[in-house]
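Q:
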Amino acid sequence: MTALASKPILSMDCGDALCHAKSSDVSPEIVFPAKYAKKFQASMMEIINMSKQQFEMFPTESSDLTSSIAVHTDIVLSNITKLKKSGHLLNQLVSQLQQRVDVGTHDSGDIDVDGVTKRMEEDDVEEFVVARLDDTRAADRSDFQDVVPVKGKQAAKALNDEVTKRILFVLNDDSEFERFKDHALRFGSGNEEAPQFHSYLSNVLPIEELGPIILDFARLLPNDEQRLPLLTTHFSFLTRQRGRNQDDTRYFTRRCSTAHLSRSTRSMSVDSEESDSEDDNIDEFPSTLRLSTINHLMFIIHGIGQHVDFQEGEFKSWNGQSGLDGGSHTFRELFQGTLDSTFREIPLALEMQSIEWHEDLHGPTGVDNVFDLICPEGSSSIREFNKDTLMDVLYYLSPRYGQLIINSVTKQLNRKYQIFLDEHPGWEGHVSIFAHSLGSVIAYDILSHQSGGDSKKGLNFPPLNFIVENFFAAGSPVPVMILSRGELDIEQGHFTAGINMPRCNRYFNIFHPIDPIAYRVEPLIKKEMHKKPPVQLLNAAAVRKIGFVKLQEMWELITAPAHGFPFPRIDFVMRRRVRENLMMEYAFATASHSSYWFSEDVVMFTIMQMCRPVIDKLRRYLSAQMPLPELFRNHIELTPHANVYLSGTALIRDQCTGFSYERVVMMTHDRLFLLQHLSNVVCRRRWRHHFTSIEEAVIGDDPFTLKIRFCKRNTHGSQVAVSDTSKSPTGQMETSFCTSMDSSETLTLRASSSTTRDEWIAAINGVTETHKDARADHRTRKHESLITLPSDKCVDYFGAMKVGSLQEKAPKGWYEGWTNRWIVLKDTSITAYDEAPKDITNSQCDLRKTRMFSYETGHLFRILSKNGTLLEMRVRGQAAFNRWLDAFAQVHSCVIFRHKDRLERSLSAQFSLTEDTEHNGSEFGDVSRIQTRIDGYQLSLDINGMQYAVFVIQVAVSTSAIKVVHRRHSEFKKLHQSLRKLLPNGQLPPLPDSRVWNKLEPNYLKDKVVRLHGYLNQICRSCLNLQTQPIILSFLELVIDSDQADAPRDVLSDSPKSKAELVE
1 MTALASKPIL SMDCGDALCH AKSSDVSPEI VFPAKYAKKF QASMMEIINM
51 SKQQFEMFPT ESSDLTSSIA VHTDIVLSNI TKLKKSGHLL NQLVSQLQQR
101 VDVGTHDSGD IDVDGVTKRM EEDDVEEFVV ARLDDTRAAD RSDFQDVVPV
151 KGKQAAKALN DEVTKRILFV LNDDSEFERF KDHALRFGSG NEEAPQFHSY
201 LSNVLPIEEL GPIILDFARL LPNDEQRLPL LTTHFSFLTR QRGRNQDDTR
251 YFTRRCSTAH LSRSTRSMSV DSEESDSEDD NIDEFPSTLR LSTINHLMFI
301 IHGIGQHVDF QEGEFKSWNG QSGLDGGSHT FRELFQGTLD STFREIPLAL
351 EMQSIEWHED LHGPTGVDNV FDLICPEGSS SIREFNKDTL MDVLYYLSPR
401 YGQLIINSVT KQLNRKYQIF LDEHPGWEGH VSIFAHSLGS VIAYDILSHQ
451 SGGDSKKGLN FPPLNFIVEN FFAAGSPVPV MILSRGELDI EQGHFTAGIN
501 MPRCNRYFNI FHPIDPIAYR VEPLIKKEMH KKPPVQLLNA AAVRKIGFVK
551 LQEMWELITA PAHGFPFPRI DFVMRRRVRE NLMMEYAFAT ASHSSYWFSE
601 DVVMFTIMQM CRPVIDKLRR YLSAQMPLPE LFRNHIELTP HANVYLSGTA
651 LIRDQCTGFS YERVVMMTHD RLFLLQHLSN VVCRRRWRHH FTSIEEAVIG
701 DDPFTLKIRF CKRNTHGSQV AVSDTSKSPT GQMETSFCTS MDSSETLTLR
751 ASSSTTRDEW IAAINGVTET HKDARADHRT RKHESLITLP SDKCVDYFGA
801 MKVGSLQEKA PKGWYEGWTN RWIVLKDTSI TAYDEAPKDI TNSQCDLRKT
851 RMFSYETGHL FRILSKNGTL LEMRVRGQAA FNRWLDAFAQ VHSCVIFRHK
901 DRLERSLSAQ FSLTEDTEHN GSEFGDVSRI QTRIDGYQLS LDINGMQYAV
951 FVIQVAVSTS AIKVVHRRHS EFKKLHQSLR KLLPNGQLPP LPDSRVWNKL
1001 EPNYLKDKVV RLHGYLNQIC RSCLNLQTQP IILSFLELVI DSDQADAPRD
1051 VLSDSPKSKA ELVE
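Taking the UniProt record's numbering, the leading residue of the sequence shown gets 1, the next gets one more, and so forth.
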């Protein structure tokens, strides 16, 4: 191969059709097709260079084996066989070439040689190799994307060092590395052109590393005259590779993307619940990407102090009172709002679970009682604060109570993760931990110690049953804890950097600049990092509407790798508010430690890291120098043309907050659409005309009008007009007109243009033509609505063939003019509405290949996608439950598991009977073992058409199935008045009051749900006695009439029932 490299086989120049090759030994010229000659020369040079590199890199007896790897003998033998086969092919190729040379000529009977041919000498081969890549002038710079040069000397130096290390590692040859530096210096000084430099890199670098190195090298070039030619040449190289072999290009771009991502820690790819849409092919670069669902589970661990709001299943504030005051509730609300606004393009299915360890420390141990015994009389409020907060740090530093806290947190993490998997079979996603203050120290210790190992203080760390993708430490004292424990290498005043890193893919340390508890981590890993400022979080309010792609571009600019730092950036700082400057920072220092729970910047940063699968796709575009795409959810647009078969309202559980919200649910043949507000989809219907075969649409009196001639039957036939309740503008009832021509009625409509008018005429006449064909099948699946609406409002416009805004001519009388109408044309009718629906934006659920679990007693559906994404939907009433169940049964590939009742072990439901409530020794028997949860609210209409709120109550009794009860606030008021007559003053909790106005405002109703939930739970715990029992049981619909012999069970009896009876 070395001999071949020193003397090229062919030397040529390209003509339009042919190339001539000349050998010094044979006088006649040999003619080859130009396409073959080009490909042959390029491939031959690559074979020679690669063979030479393999031969030079082959290990010898003196090779260093300190870093080695064992390869199975079968693999080596297989490679030898492949090389032998390749050798045979090369021998055959050499024979054919030699035969061509020996003959000295080429039969060109079927080749046109009239064109001009050119000759080259052998010393021009290198110029050809360069010329084959020099497509700079032909490349359109608008087709590729420029990179942003790195800014700042420190950032440029860090990137330069990183690129140098990667090239040295890839080349693995000091002499070749020196040649690279010589080429780079000549290119940087302008003594070498971009095509020559790119040609050298493409010959010495593996193809999977070429793209990322070119991109990073270009970022080091602030001069456009150098950077753009290099990128254009690389783009031409990629284009040529695609044109040569599409399959090779797909492999190349995929590998380039992977290599580009190796600069930072990458997350595992998430397989979505359904394959990405056709325009999101991994091998192509479409202008739009339709994203499938990304699953993520995040555990939240609190810091020092009481945090009742972190207890699952309780709508309580941090101090135990009913309400939503506390970090957990606010944090979850921020996540929900940010996902719906800033990340509206990203289908992130985020489930949040809280970990509460404070009660396990202060409850069963009795430490608070002892603390009260040793407290003097003075400063009681300060000592109470010390007992609830500062003592948590001292307890954790002790081996006994530290072990208790470690066991409590680890046990809760593993238990909740296992319950989550049980509820989400086949779940595919990532797990993150967000910990605050002392909670971050607890999480760090669990993640940084070996599973089942012991620490220097004698603490044992049980293993976690899952891999942590992201560890977010907010307001974290981990650095000072490491320092105080003596875990740093400090000898004679000299500090050697280095700490135990937590076992996770990404570690983030988030702090407020004036938080006195939080400290930096990076200087403990590398001392020089104390001179490098932390990365400042983006202002969420300023970037809320720019879109995810632009947001990611901004984030890439501010998170450049730090010079010499072995990890991606860890320290991230929040923005200092104006009022926190100068002397006021001391006043806000304490409050800053809890500011993480209320920061939109922190929430946006956290979600960004969870969207890494989307970031990976965007970086693949950057690696291939392709324009970044637009992002969309992999959803189908809901329009009036969609065939909606069933609609209704249901309570849908929100994964972030745990609350259930009323949504409008619409179902097509294989998909559920969830809409937030009923008012946005309801329309007021003015009139409707049903078509027969006689109607006709014609041109009106002016270029923009059309007339529809409806004909009535006034003969003695048997057909009768069908009337509806909504009236037309003329005052007549909606009628299905028959086929008589004796009397007629004309409807005049005006369009915005003559083209629009002609389109409507053609559409209407097309519909009436189908009615003339007696053989046509006019049967359509009708839209069934379970929504209770006033008589003049409806949602029956789906399944439309054509919709649009037209003007209707008003009847003669006291007013004559044109009225704007939204016209909907179906295959059987034409309908006029006051206006089009305001908004049909929605979230949706694909029902194909899903598993559905139905629970009849609670009227609950749990829809589980292929990759474990869950949708919980609770309908109102048995009739609605049966109708939805029948509709779901019609969906192809949807498997339904029918159950009578559900055992609420679920974390998502946050509602269960504990062991303590099953046997409390109450004198009132089993009926005292009652737990209630107000799951949400629904809006209904009274007999006068006025809306009111109904609160949905789940009721669990140890001897009964869980059931659902609906109660208005007025019914709560009647219950309170009845109990007040039987209970002494002070025993009955106060009833949450109600507004006089704006009663249906969503935030007010949500707060009302929480307060009524606390009120009802307190009644069931402390107010249940022999006198109040009938009233409370009647309110909860637990009293079963003796005549109902077919009831599944009697909650007032203790007769045991087999669990098998609950599942069909």
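Where is the CB? At the ideal position from N, CA and C, for every residue including glycine. A quick note: this is a predicted structure, and the numbers were derived from the prediction, not measured.
(1) On the criterion of 16 or more Cβ atoms from any shown chain inside 10 Å, does residue 1065 qualify as buried, or is it exposed?
(2) In whole angstroms, give me the CA-to-CA distance for residue 807 and residue 834.
(3) Buried or exposed: residue 842, going by 16 or more other Cβ atoms within 10 Å of its Cβ?
(4) What is the DSSP secondary structure of residue 563, reduced to helix, strand or coil?
(5) Closer than 6 Å by C-beta to residue 543: which residues in its own chain qualify, once you throw out the five before and the five after it? Chain order, please.
(6) Kindly confirm or deny that the segment 525-535 and the segment 549-569 touch, where touching means at least three C-beta pairs closer than 8 Å.
(7) Looking at the strands, I want to know which residues DSSP matches up with residue 942.
(8) By the 10 Å Cβ neighbour count, where 16 or more other Cβ atoms means buried, how is residue 262 classified, buried or exposed?
(9) Just the Cα atoms here: how many angstroms apart are residue 809 and residue 823?
(10) Residue range of the alpha helix (DSSP H) that residue 610 falls in?
(11) Going by DSSP, which residues form a beta bridge with residue 681?
(12) Under 7 Å, do residue 433 and residue 335 count as touching if we go by C-beta distance?
(13) Skipping 5 residues on each side, what residues in its chain have a beta carbon closer than 7 Å to that of residue 529?
(14) Give me the DSSP bridge partner(s) of residue 695.
(15) Taking the C-alpha atoms as reference points, what is the distance between residue 894 and residue 862?
(16) Taking three-plus beta-carbon pairs below 8 Å as touching, is the segment 859-874 in contact with the segment 791-807?
(17) So, is residue 1014 buried or exposed, given that buried needs 16 or more other C-beta atoms within 10 angstroms?
(18) Between 51, 362, 348, which has its C-alpha nearest residue 655's C-alpha?
(19) For residue 190, which of helix, strand or coil comes out of DSSP?
(20) Go ahead and pull the three-state DSSP assignment for residue 587.
(21) Can you list, in chain order, the stretches of the alpha helix (DSSP H) that have 4 or more residues and sit fully within the segment 875-906?
(22) Taking 8 Å as the cut-off, does the segment 599-610 touch the segment 448-458 (at least 3 CB pairs, one atom from each stretch)?
(23) Check whether the segment 837-855 touches the segment 613-629, counting contact only when three or more Cβ pairs, one atom from each stretch, lie closer than 8 Å.
(24) Can you have a look at residue 617 and say buried or exposed, based on whether 16 or more other CB atoms are within 10 angstroms of its CB?
(25) Return the chain-ordered ranges of every alpha helix (DSSP H) run that is complete within the segment 299-385 and spans a minimum of 4 residues.
(26) Take residue 331 and list the residues in its own chain whose beta-carbon comes closer than 6 Å to its own, dropping the five residues that flank it on each side.
(27) Report, in whole angstroms, the separation of the C-beta atoms of residue 466 and residue 406, which I expect to be a contact under 8 Å.
(28) Please work out which residues of its chain come closer than 6 Å, Cβ to Cβ, to residue 698, disregarding the five sequence neighbours upstream and downstream, and give them in chain order.
(29) What residue range does the alpha helix (DSSP H) around residue 156 cover?
(30) So is residue 700 buried or exposed if we call it buried at 16+ other beta carbons inside 10 Å?
(31) Can you check the segment 381-429 for any alpha helix (DSSP H) of at least 4 residues that lies completely inside it and give the ranges in chain order?
(32) Go to residue 701, then tell me how far its alpha helix (DSSP H) extends in each direction, as first and last residue.
(33) Where does residue 820 fall in DSSP's three states?
(34) Taking only the alpha-carbon atoms, compute the straight-line gap between residue 881 and residue 941 and give it to the nearest angstrom.
(35) Just checking my contact of residue 312 with residue 870 at CB under 8 Å: how many whole Å lie between their CB atoms?
(36) So which of 206, 397, 431, 507 has the shortest CA-CA distance to residue 459?
A: Result, derived from the coordinates:
(1) Lying before the first or after the last residue shown, residue 1065 is absent from the chain, which here runs from 1 to 1064.
(2) Each residue's alpha carbon lies about 11 Å from the other.
(3) The residue is buried, with at least 16 neighbouring Cβ atoms inside 10 Å.
(4) The three-state reading of DSSP puts residue 563 in coil, since its state is none of H, G, I, E or B.
(5) Taking C-beta separations shorter than 6 Å and ignoring five residues to either side along the sequence, the partners of residue 543 in its chain run 551, following chain order.
(6) Taking one beta carbon from each stretch, the segment 525-535 and the segment 549-569 have 3 or more pairs nearer than 8 Å; the two touch.
(7) Residue 942 pairs with nothing; no bridge assigned.
(8) For residue 262, the predicted structure reports a pLDDT of 36, less than 50, and the residue's modelled location is therefore unreliable. The matter cannot be settled from this model.
(9) Each residue's alpha carbon lies about 13 Å from the other.
(10) Residues 600-610.
(11) Listed as beta-bridge partners of residue 681 by DSSP are no residues whatsoever.
(12) No, these two residues do not count as a Cβ contact at 7 Å.
(13) Cβ contact annotation for residue 529 (same chain, cutoff 7 Å, sequence separation greater than five): 522, 523, 562, 565, in chain order.
(14) Paired residues: none, contrary to the question.
(15) The straight-line gap from Cα to Cα measures roughly 12 Å.
(16) Touching, no.
(17) That one is buried.
(18) It is 348 whose Cα lies nearest to the Cα of residue 655.
(19) In the displayed model, residue 190 falls within coil according to three-state DSSP, outside both helix and strand.
(20) In the three-state scheme derived from DSSP, where H, G and I count as helix and E and B as strand, residue 587 is classed as helix.
(21) You should have 878-889.
(22) At 8 Å Cβ cutoff, the stretches do not touch.
(23) No: fewer than three Cβ pairs fall under 8 Å.
(24) By the neighbour-count rule (16 or more Cβ atoms within 10 Å), residue 617 is buried.
(25) Those alpha helix (DSSP H) runs which fall completely within the segment 299-385 and span 4+ residues are 327-340, 358-362, 367-373, 380-385.
(26) Here the set comprises 597.
(27) Contact doesn't hold; Cβ gap of about 17 Å is too wide.
(28) Non-local C-beta neighbours of residue 698 in its own chain, meaning closer than 6 Å and more than five positions away in sequence, comprise 707, ordered along the chain.
(29) Boundaries of the alpha helix (DSSP H) around residue 156: 153-171.
(30) Buried is the call here.
(31) Complete alpha helix (DSSP H) runs here, min 4: 391-397, 399-423.
(32) For residue 701, there is no enclosing alpha helix (DSSP H), as DSSP marks it with neither H nor E.
(33) Note: residue 820 maps to strand in three-state DSSP.
(34) The straight-line gap from Cα to Cα measures roughly 20 Å.
(35) Their Cβ separation, rounded to whole angstroms, is 16 Å, which puts residue 312 and residue 870 out of contact at 8 Å.
(36) If we check each option's Cα against that of residue 459, 397 comes out closest.
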